[in-house]
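Encoded as structure tokens, the structure appears first; notes follow it.
2 protein chains.
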Amino acid sequence: MNAVNPAFAGSHDHRSCISHALGAAERLCASQGLRLTAIRRRVLELIWRSHRPSGAYELLGQLSAEGHKPSPPTVYRALDFLVAHGLVHKVSSRNAYVGCMHAGQDHVAQIFICDGCSLAFEQADGALDRRIRRNARDLHFHIREQTVEIAGLCPDCAETGRDD
Amino acid sequence: MNAVNPAFAGSHDHRSCISHALGAAERLCASQGLRLTAIRRRVLELIWRSHRPSGAYELLGQLSAEGHKPSPPTVYRALDFLVAHGLVHKVSSRNAYVGCMHAGQDHVAQIFICDGCSLAFEQADGALDRRIRRNARDLHFHIREQTVEIAGLCPDCAETGRDD
DNA sequence: AAGTTAATGTTATACAATTACAATGCGCCG
DNA sequence: CGGCGCATTGTAATTGTATAACATTAACTT
Ligand SMILES: [Zn+2]
Ligand SMILES: [Zn+2]
Ligand SMILES: [Zn+2]
Ligand SMILES: [Zn+2]
Numbered sequence: 000m001n002a003v004n005p006a007f008a009g010s011h012d013h014r015s016c017i018s019h020a021l022g023a024a025e026r027l028c029a030s031q032g033l034r035l036t037a038i039r040r041r042v043l044e045l046i047w048r049s050h051r052p053s054g055a056y057e058l059l060g061q062l063s064a065e066g067h068k069p070s071p072p073t074v075y076r077a078l079d080f081l082v083a084h085g086l087v088h089k090v091s092s093r094n095a096y097v098g099c100m101h102a103g104q105d106h107v108a109q110i111f112i113c114d115g116c117s118l119a120f121e122q123a124d125g126a127l128d129r130r131i132r133r134n135a136r137d138l139h140f141h142i143r144e145q146t147v148e149i150a151g152l153c154p155d156c157a158e159t160g161r162d163d
Numbered sequence: 000m001n002a003v004n005p006a007f008a009g010s011h012d013h014r015s016c017i018s019h020a021l022g023a024a025e026r027l028c029a030s031q032g033l034r035l036t037a038i039r040r041r042v043l044e045l046i047w048r049s050h051r052p053s054g055a056y057e058l059l060g061q062l063s064a065e066g067h068k069p070s071p072p073t074v075y076r077a078l079d080f081l082v083a084h085g086l087v088h089k090v091s092s093r094n095a096y097v098g099c100m101h102a103g104q105d106h107v108a109q110i111f112i113c114d115g116c117s118l119a120f121e122q123a124d125g126a127l128d129r130r131i132r133r134n135a136r137d138l139h140f141h142i143r144e145q146t147v148e149i150a151g152l153c154p155d156c157a158e159t160g161r162d163d
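Heads up: the sequence lines are chains A and B, in that order.
Going by numbering that gives the first Met the number 0, the residue at position 65 of the first sequence is 64; the numbering climbs one at a time, nothing skipped.
Going by numbering that gives the first Met the number 0, the residue at position 63 of the second sequence is 62; the numbering climbs one at a time, nothing skipped.
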């Protein structure tokens, strides 16, 4: 039934996604002595405007439109911070960044991305993670990071035949 | 025991990796009526010079050094061809390309990449693939492509403490 | 207040990928 | 053979993504 699946749910209360994410970020930073500075917070907010992964230069453009006019390194540093502390996931296959739905929860995420509508949805299948860790162990490989991204069509786009 | 693990094996007969890969490419193209043209073949050979994923501009540089002096589209077109027909895997998390060790074998690959020495090794765990497909089915998500990349330290680098 | 570190600003550049259009090569039909 | 159609390659320009290197500012420490 997948009760919790905001991104691919026909519609949902996205305002609550946002406040949840921002709240989690505040709490995580407070508890770990991290500084959620203005730009970092603003970038996080911009990323959470939707469940579509945002490109760095897209964020840069939005910030510019508000008068900040930052340069690439500024945005990339904010993104690095957010990714480093698990507030945002990088979607390597798209060179884009999406808000983490389980910030502070110590998980390994798998990300589904729709080719039709670009929505991304994060899953955290522990069994999948364990399987990968087991394979790594068999190879005597020490994992630092897993990148698991699944591209295809979400239920909506599959049904309506949209395919890019 | 992982008998077949060329990339992370202390050393191996890489000449046989190369001839195997090139042979497989020839056969696959012949059997499917594809044209393994000079550039395509040359790019494939360059990629197979090692088990380290190559960047497009790195390949471009090597081709230039031989006198070909191609431009980016030429290289990207060759890469597109090789990827499309399963001769090469794109490593999204590195924006690089590595030779496929199971060309023509219809598999879904997971790629281990060492942060220390950059060696990449491809695995094809069917159970992992099935688990991902099952998760997708539960979400009513129609998979087009999986990207599974595991970064960390290979046995050698873990032992010698190299970490970048 | 002075020293120290983290964060941001600035400029320039490196690296990755695509667009658009021209030229060439190659198989096929008449 | 000559002309057509299609795949491949060439070329020029541009766009997109990411980092290097160094200066400046802000925030915490003593
Ligand atoms: Zn939402
Ligand atoms: Zn997450
Ligand atoms: Zn080899
Ligand atoms: Zn493969």
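Built from N, CA and C at the ideal position, the CB exists for glycine as well.
Computed from a prediction, not measured in an experiment: that's the story for all the values here.
Taking 7 Å as the cut-off, the C-beta of C16(A) does not count as close to any heavy atom of ligand 2. The secondary-structure analysis by DSSP pairs L152(B) across a beta bridge with H141(A).
Y56(B) is classed as exposed because its beta carbon has fewer than 16 other beta carbons within 10 Å across all chains shown. Excluding the 5 residues flanking it on each side, L35(A) has same chain C-beta neighbours closer than 7 Å at A24, E25 and C28, in chain order. Contact annotation: V97(B) and D128(B) have beta-carbon atoms that are not nearer than 8 Å. The stretch 114 to 122 of chain A makes contact with the stretch 144 to 160 of chain A, as at least three CB pairs between them are under 8 Å. Taking 7 Å as the cut-off, one finds no heavy atom of ligand 4 near enough to the beta carbon of H19(B). Per DSSP, the beta-bridge partners of A95(B) are V90(B). Identification of chain A residues near G151(B) by a Cβ-Cβ cut-off of 8 Å yields A135, F140, H141, I142, R143 and E144, ordered along the chain.
Nearest CB-CB separation between L127(B) and chain A: below the 8 Å threshold. The nearest non-hydrogen atom of ligand 3 is less than 7 Å from the C-beta of H11(B).
Within the same chain, Cβ atoms closer than 6 Å to the Cβ of A135(B) are found at I142, the five residues on either side in sequence being excluded.
Close partners of I131(A) in chain B (Cβ separation under 9 Å): Q109, D124, L127, V147 and I149.
Excluding five sequence positions before and after V74(B), the CB atoms of its chain that fall closer than 6 Å to its own CB belong to A55, L58 and L59, given in chain order.
Those residues whose C-beta sits under 6 Å from the nearest heavy atom of ligand 2 are, from N- to C-terminal order along the chain, H88(A), C99(A), M100(A), H101(A), H106(A), A108(A) and E121(A). Per DSSP, the unbroken beta strand (DSSP E) holding C113(A) starts and ends at Q109 to C113.
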